[in-house]
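Novice: First to last, the sequence lines map onto chains D and B.
Everything in the first sequence is counted per this note's numbering, starting at 1 for the first residue and increasing by one.
Everything in the second sequence is counted per this note's numbering, starting at 1001 for the first residue and increasing by one.
This structure is in structure tokens; I'll ask about it shortly.
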Amino acid sequence: MIEVEKLKKVYSDLAKGEFVALAGISFRAQPGEIFGLLGPNGAGKTTALRILSTVLRPSSGLVRINGFDVMTHPAEVRRSIGFVSNNTAIYDRMTAWEMVEYFGKLYDIPEDRLKDRMEMIFQQLAMGDIRDVPGAKMSTGMKQKVSIARAMVHDPPVLIFDEASVGLDVMVARSLLKIIASLRDEGKCVIFSTHIMREVERICDRVAILYRGCILDEGTLPELSERHQQNDFEELFFEMLSNYDRERAEKLAAGGNPS
Amino acid sequence: MNWKHVKLIFSRELRDQLRDRRTLFTITILPILLYPLMGMLMLQVAQFSREHPVQIKILGSENIPESPRLVDGEQLYSRVGLESIAPLVKISSSALPELDNEKLQAQATDMLNKGDQDLIVIFKPRFREYMDQLAQTQVGEKVEGSLLDESDRGLEVILTRSRDQSQIAYNRWQVAIEAWQQEWIATKLKGAGFDPRLVRPLHIAPVDVAPEATRRAIVWSKILPFIMLIWALTGAFYPAVDLCAGEKERGTLETLLSSPARRREIVWGKLLTVIFFSCMTALLNLGSMQFTASLLSNQLAAGGARGLAESLGTPPIYAIGWLTLALIPMASLFSALALAVAALARSTKEGQYYLMPLLLMMLPFVMIPMLPGIELSLGTSLMPVTGMVLLSRALVEGQYLEAVRYLPIVAVVTITCCLLAIRWAVRQFESESVMFRENERWDLRMWITSIWRERDFTASVMEAMLCGAIILVVKFFASLASTDPISDFAGLSKAVLVGQLALILTPTLLMAIMLTKSVRTSLRVNAPKPIDFAVCVLLAIAFHPLAMWFSTAVTTVYPLSPAMIEATSGITKAIIDTPLWMILLTLAVLPAFCEEVAFRGFIFGGLIRQNGVLRAILVSALFFGLTHGVLQQSISATFMGMLLGWVAWRTGGIVCTIAMHLIHNSLSILLSRAATNETSPAWLDLFVTFEKGGFHYDASWTTVSVVLSVACLWILYVRSSDSIVANESRTVDRPLTD
């Protein structure tokens, strides 16, 4: 469903010059699976997901979603994904219903089918009471629900959540994770990026640990625990990052290329 | 393009903006309130000026001649021409105090400063005697010397310009005393048996055959386009910022970009919204202004200010119609520019900072038509915005023939500008670096370190732009510093040496050394293929007639001023009088080398990065043109610069363009000299006709040269190295375009 091969992204930055955000990462995610992209801030998660959603163009490498290449068939890729970004991205002067309807129409869903689909989503996400509430008057939790409804409206096979739980209170975050889990149960392929260990432990089927633009390791949680001889996932994560930094510093000291 | 998406985005943005109180205030509430408030203020001011008569103090009223009468009690004597002024002047008269002149002036100053009086008029002791003597003087009679002594026979007026009322009193007094003087002369002439009309034999009463509506239209034709365009600009600004920077701030832009709507569709949807608000703001302002003006003119007429009411009147409705037609392309242009600039901003606050320079850049184009003597002509019609303003003015004034004559040119210029602005806006939305700019904390030390550390083989786009800007700025200040006109070769060579070596070559070389890893690569010094070089040499010769024709066309459209012709005569003289090798070295070899190194080398090399071929050709040509200082030369040089830029791109270096530049300048010099030389070679007559100290190519050779030029360009296009072209147009972070 999602194939990423040797994906590289280089930014031209005023202060840092050429900055490698992704150094040739590869991973795959299947339908009915939640693939976690775990990494600290600045690891390259948002860059990777923006490339997956065709908002950014890769510098090199291959990204295929639902069989479509992001470079050659971006329009088809966009129809195959629902993207929920790390901010709630809600129009202040539109109601929940208007906002979801607007995106539904952008996906060219026929009027009658769109209405039925929206009724279903609003019921599924328990959004009946915020239907006519404008974005400016919504709480963060409400906004996140609208954002998810907007991403689901065209019933895409792939859903991308970019740090979607950031800034949510415990109750709303729990509810969000439940929704994501239910999407997996419907057979969707879900990419879920976060820097919170507990969320990964709770819902991700497989996880890739991303740091400084590189995937340090990838697998199911038991596989990772076994490979690194560490049952505490937070400790495991911390050790991997520390080891990477130490090895990098040693390479630099030896005059080699740290990447 | 999916127009359904465009329509959808347009309707969403429209609805969103209509729900925004700030936008609603700017486009509806402000115009509805502004003009009635301004009208009320105008009425108040008019009332204020009507109800405030001025106080004039006359000292020495006993010295005023009895006939003709000047004062009637506490008022001016009302005579023909003074009907409106007499009731607005209150006079208080008293005898001339027995004081010396200095004390008298001090007393008058004191009265003015206290504010009791607005003007003091002193009739000197012998004024009456003088006037009576003068009245009895016969034609040819010698006037006695004592009469020429002004100290005690004159009339002194004391005012203070620190108060408006004093100035108004003075103006009214001037009118009154002039009328009195005229009557005095008329009486004198009549007494002597002459016709009083001898003093003013002509009474000119112009007959204005223009209908009243047209007369009113002329007043409004100057005001309305200006107001309309200013409001169209203002109306485009706020929605453009909200639709770009606001959307980035809310985080909704990323969501929209990952939807099936393509970038082009998003831009068009937003652009139509901005155009709508730009048009609506301008139209509501025009409408409100027309409504207020009609009410105001009625009020003014009823209140006695009939003259002002007639000259202003109501803007004719057809004027509004023509302006509405002109508004659509103008609003489109402003909206596309505003959208492209606003796309750079990361927040609405930042957007407002960016749009202010845009407003300041647009203002001169809107203001030029307001200058006296500026009319619709070939030259003005070629100027963006200005041409459209003048065209709409001609239409409002009913000069339809004139308008139709220049309509095609104005339309082509306006449509081209609109398309370029829209293309820029689309490119902004397609650029990752524009759409996802991070908040960089700028630090000078860090910046300088990074510039040195991250040096590349060629300049960056910013460095290329900076180089062009530095050259322009230093050239500008150098031109201000040198005030002496060039009269001989010494002056010419000094100006060229300083201009080329110090102001163009030195900054370029310094930047190439400091900012890049390789001077040679950054200046694009690559050996061309021999055949390419030969084709370029042929192209330079073949293209010369076209370049000359273009130069002539430019000076026909924008003629050189006599002062400019005078200033360039010294250069022409130096070209003719100096030995050929010296003048070729100065005006052909040196500029060809220095200018190509700078404009087609360093600047072009930086601008062509990140898929910027078109940008490199146009911007480097523009910098090249602007360094020539004189407008006519700048236009011709920009045209030539575009050709040289294209050749520099296709041949991958500056060697060919140096040769072309050298040949072009040399041919111009050689033909100018041949034109003044009676013994020019006979074979030249096959190609060139010499007359009046100048030259022009024959039509037949010009035709052949066009064919040859096209052939050369085609050969270069086909032969140009794919590797160089591909290498230069490669992009580091080229965005997705759909």
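Quick reminder that beta carbons are idealized off the backbone N, C-alpha and C, glycines included.
Every value quoted in this text rests on a predicted model; they were computed, and no experiment measured them.
Quick check on this structure: which residue in B/Ala1232, B/Arg1600, B/Gln1610 has the alpha carbon closest to the alpha carbon of B/Ile1617?
Specialist: B/Arg1600
Novice: Quick one: what's D/Thr194 bridged to in DSSP?
Specialist: Paired residues: D/Leu38.
Novice: Of the choices B/Leu1407, B/Pro1384, B/Val1385, whose alpha-carbon is the least far from that of B/Leu1395?
Specialist: B/Leu1407
Novice: Span of the beta strand (DSSP E) holding B/Thr1689?
Specialist: 1688 to 1691
Novice: Is it a yes or a no for the stretch 1241 to 1255 of chain B touching the stretch 1399 to 1416 of chain B, going by three-plus beta-carbon pairs under 8 Å?
Specialist: no
Novice: With the cut-off set at 8 Å, would you say B/Ser1061 and B/Val1071 are in Cβ contact?
Specialist: yes
Novice: Between B/Arg1161 and the rest of its own chain, which residues show a CB-CB distance below 8 Å, the 5 nearest in sequence each way excluded?
Specialist: Gln1167
Novice: Return the chain-ordered ranges of every alpha helix (DSSP H) run that is complete within the stretch 1007 to 1082 of chain B and spans a minimum of 4 residues.
Specialist: 1021 to 1024, 1030 to 1050
Novice: Counting along the chain, where does the alpha helix (DSSP H) carrying B/Lys1760 start and finish?
Specialist: No information on residue 1760 of chain B is available, as it lies outside the stretch 1001 to 1738 that chain B covers here.
Novice: Specify the secondary structure class of B/Ala1205 as computed by DSSP and reduced to three states.
Specialist: B/Ala1205 falls in the coil class under three-state DSSP.
Novice: D/Phe122 versus chain B: which residues are under 9 Å apart at the beta carbon?
Specialist: Within 9 Å Cβ-Cβ: nothing; D/Phe122 doesn't reach chain B, min ~19 Å.
Novice: Between B/Cys1656 and the rest of its own chain, which residues show a CB-CB distance below 7 Å, the 5 nearest in sequence each way excluded?
Specialist: Pro1528, Asp1532, Phe1533, Cys1536, Val1647
Novice: Within 8 Å of any Cβ in chain B, is that where the Cβ of D/Lys137 sits?
Specialist: no
Novice: Could you tell me whether any Cβ in chain B is nearer than 8 Å to the Cβ of D/Lys8?
Specialist: So, not an interface residue.
Novice: Closest Cβ-Cβ distance between B/Ala1343 and chain D: below 8 Å?
Specialist: no
Novice: Output the residue ranges of the alpha helix (DSSP H) runs that lie fully inside the stretch 167 to 242 of chain D and measure 4 residues or longer, sorted by chain position.
Specialist: 170 to 185, 197 to 203, 221 to 228
Novice: Any idea if D/Glu101 is buried or exposed, counting beta-carbon neighbours within 10 angstroms, 16 or more meaning buried?
Specialist: buried
Novice: Can we say the stretch 218 to 237 of chain D touches the stretch 196 to 208 of chain D, given the rule of at least three CB pairs closer than 8 Å?
Specialist: The stretch 218 to 237 of chain D vs the stretch 196 to 208 of chain D: in contact.
Novice: If I follow the unbroken alpha helix (DSSP H) through D/Tyr107, where does it start and stop?
Specialist: Unbroken run through D/Tyr107: none, as it is neither H nor E.
Novice: Please classify D/Ala21: does DSSP put it in a helix, a strand, or coil?
Specialist: strand
Novice: Of all the options B/Leu1024, B/Phe1604, B/Ile1177, B/Asp1118, which has the alpha carbon lying nearest to the alpha carbon of B/Val954?
Specialist: There is simply no residue 954 of chain B to check, as chain B begins at 1001 and stops at 1738 in what is shown.
Novice: Listed from N- to C-terminal order along the chain, which residues in the stretch 38 to 71 of chain D have their beta-carbon within a distance smaller than 9 Å of any beta-carbon of chain B?
Specialist: Going along the stretch 38 to 71 of chain D in chain order, one finds Arg50, Ser53, Thr54, Val55, Leu56, Arg57, Ser59, Val70, Met71 with a Cβ nearer than 9 Å to chain B.
Novice: Leaving out five residues before and five after B/Lys1475 in sequence, what residues of the same chain have Cβ atoms less than 6 Å from its Cβ?
Specialist: Cβ neighbours of B/Lys1475 within its own chain (closer than 6 Å, five residues either side excluded): Leu1503, Thr1627.
Novice: Could you have a look at B/Tyr1697 and say whether DSSP puts it in helix, strand or coil?
Specialist: strand
Novice: Mind checking if B/Leu1008 is an interface residue toward chain D, Cβ cutoff 8 Å exclusive?
Specialist: yes
Novice: Using a cut-off of 8 Å between C-beta atoms, extract the partners of D/Ala89 located in chain B.
Specialist: Arg1250, Gly1251, Thr1252, Glu1254, Thr1255
Novice: Cα-Cα, which of B/Ser1431, B/Gly1387, B/His1661, B/Gly1373 is closest to B/Arg1264?
Specialist: B/Ser1431
Novice: Output the distance between the C-alpha atoms of B/Ser1088 and B/Gln1299, rounded to the nearest integer angstrom.
Specialist: Strictly speaking, residue 1088 of chain B in this sequence is Leu, with Ser absent from that position. Whole-angstrom Cα-Cα distance: 21 Å.
Novice: Can you list the residues of chain B that D/Met1 reaches, using a CB-CB cut of under 9 Å?
Specialist: Here the premise fails: no neighbours, minimum Cβ distance about 17 Å.
Novice: Rounded to the nearest angstrom, how far is the Cβ of D/Pro157 from that of D/Ser242, given a contact under 8 Å?
Specialist: Their Cβ separation, rounded to whole angstroms, is 38 Å, which puts D/Pro157 and D/Ser242 out of contact at 8 Å.
Novice: Using 8 Å as the threshold, is the stretch 173 to 192 of chain D in touch with the stretch 34 to 53 of chain D, meaning 3 or more CB pairs across them?
Specialist: Pairwise C-beta distances place the stretch 173 to 192 of chain D in contact with the stretch 34 to 53 of chain D, as three or more of them are shorter than 8 Å.
Novice: For the structure I just gave you, are there three or more beta carbon pairs, one from the stretch 1479 to 1496 of chain B and one from the stretch 1632 to 1646 of chain B, closer than 8 Å?
Specialist: Between the stretch 1479 to 1496 of chain B and the stretch 1632 to 1646 of chain B there are fewer than three inter-stretch CB-CB distances shorter than 8 Å, so the stretches are not counted as touching.
Novice: If we ignore side chains and look at the alpha-carbon of each, how far apart do B/Leu1419 and B/Thr1324 end up?
Specialist: Taking the CA atoms as reference points, B/Leu1419 sits about 20 Å from B/Thr1324.
Novice: Give a yes or no on contact between the stretch 1220 to 1233 of chain B and the stretch 1326 to 1343 of chain B, applying the rule of three or more CB pairs nearer than 8 Å.
Specialist: yes
Novice: Can you check which of these residues, D/Phe27, D/Val200, D/Trp97, D/Tyr211, is closest to D/Ile148 by C-alpha distance?
Specialist: Nearest C-alpha to D/Ile148: D/Trp97.
Novice: Quick check on the burial criterion: 16 or more other C-beta atoms within 10 angstroms. Buried or exposed for B/Ala1540?
Specialist: buried
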